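Visitor: With full-length UniProt numbering, letter number 199 in the sequence shown gets 199, and the count goes up by one each step, no holes.
Positions of the beta carbon are idealized from the N, C-alpha and C atoms, including for glycine.
The model shown is predicted, which means the values in this text are computed figures rather than measured ones.
Below you'll find the structure I mean.
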Amino acid sequence: MEKILCLETATTNCSVALFDGDKPIASLESNDGGYSHGEKLHVFIRQVLAQGGISPRELSAVAVSRGPGSYTGLRIGVSAAKGLAYALEIPLLSVGTLAIMARIAREKTSADYLVPMLDARRMEVYTVAYDRDLQEVSPVEALIVRPGAYASLSQTGKTACFFGDGMDKCRDLLGEERFSFLPGVFPSALAMGTEALSRLRERRWEDVAYFEPYYLKDFVGGHLAEKK
């Protein structure tokens with residue numbers, strides 16, 4: 001069975017998991033509220049491989065959360081994944097950060113729509129809406145949350161669940177009875193295995209030389225500016 005190492009560093013949660021096929025066999029993660037991924041990630045990788053009882057040369061692929069998310073966190077994770085893929089001559093896979101969150105939330109809510117929200121500063125969030133099959137029903141975007149921002153979901157008459165670290169800034173503006181809020185959902189490498197395995201088997205691999213994180217915004221002068 002394929003051995004896939006998954007890395008998730010898009011938010012304050014630094015997470016590493018090793019999969020045998022789509023079954024997790026070892027994992028480590030830490031969410032102390034800060035961005036200390038540069039200190040932790042390579043240590044976690046070594047420890048997870050040791051827990052799983054395999055050497056790096058036995059890996060079939062490495063997968064990384066591609067974003068959107070923290071500029072610094074994404075750079076650290078993608079750089080580590082590209083380094084491993086290049087050195088070991090194995091496929092590089094990427095999984096969308098918001099889809100990772102939706103997969104986690106789907107196990108905790110019966111809502112018709114799953115709406116991850118990552119804080120993008122001020123009243124802006126990185127967000128998308130999925131149905132329960134994890135198919136997009138609205139595009140991934142950097143959204144300024146204001147009254148009526150989710151009118152299209154409200155008009156469907158179906159339920160929607162919001163989650164992620166951008167959720168709290170939106171509670172008062174999303175007061176629909178059919179809208180619920182799920183705390184404590186962070187992207188985790190433990191939710192990457194199924195998608196990573198699918199991408200490996202379907203040969204949907206990234207180009208190690210040219211792959212870049214999906215920032216959704218450009219990083220200019222110390223600040224994130226929306227991509228055009």
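Please report the Cβ distance between G33 and T12, rounded to the nearest whole angstrom; I am assuming they are in contact, meaning their Cβ atoms lie under 8 angstroms.
Guide: That pair is a contact at about 6 angstroms.
Visitor: Report the residue from L197, F163, G193, D172 whose alpha carbon sits nearest the alpha carbon of L182.
Guide: Per the Cα distances, F163.
Visitor: From this set, A189, L88, T127, A191, which residue's C-alpha is nearest L59's C-alpha?
Guide: Cα-wise, what sits closest to L59 is L88.
Visitor: Is there contact between the stretch 68 to 84 and the stretch 198 to 216, where contact requires at least three CB pairs shorter than 8 angstroms?
Guide: At 8 angstroms Cβ cutoff, the stretches touch.
Visitor: When we look at the beta-carbon of I144 and count the other beta-carbons within 10 Å, is it buried (16 or more) or exposed?
Guide: With fewer than 16 Cβ atoms within 10 Å of its Cβ, I144 is classed as exposed.
Visitor: Who are the Cβ neighbours of P147 in its own chain at under 7 angstroms, not counting the five residues just before and after it?
Guide: These residues qualify, in order along the chain: L173.
Visitor: Compare the beta carbon distance of A63 and V48 with 9 angstroms and say whether it is the shorter of the two.
Guide: Not a contact, by the Cβ cut-off of 9 angstroms.
Visitor: Count the other CB atoms, across all protein chains shown, that sit within 10 Å of the CB of G52; report buried if there are 16 or more and exposed otherwise.
Guide: G52 comes out buried.
Visitor: Quick one: measure Cβ to Cβ for C14 and E29, integer angstroms, because I've assumed they're closer than 8 angstroms.
Guide: Correct: roughly 6 angstroms between the Cβ atoms.
Visitor: Just list the residues that DSSP pairs V158 with in beta bridges.
Guide: As written in the sequence, residue 158 is Lys, which differs from the Val given in the question. DSSP, once it has assigned bridges, lists no residue as partnering K158.
Visitor: Return the CA-CA distance between S70 and G157, expressed in angstroms with no decimal places.
Guide: Going from the Cα of S70 to the Cα of G157 covers about 33 angstroms.
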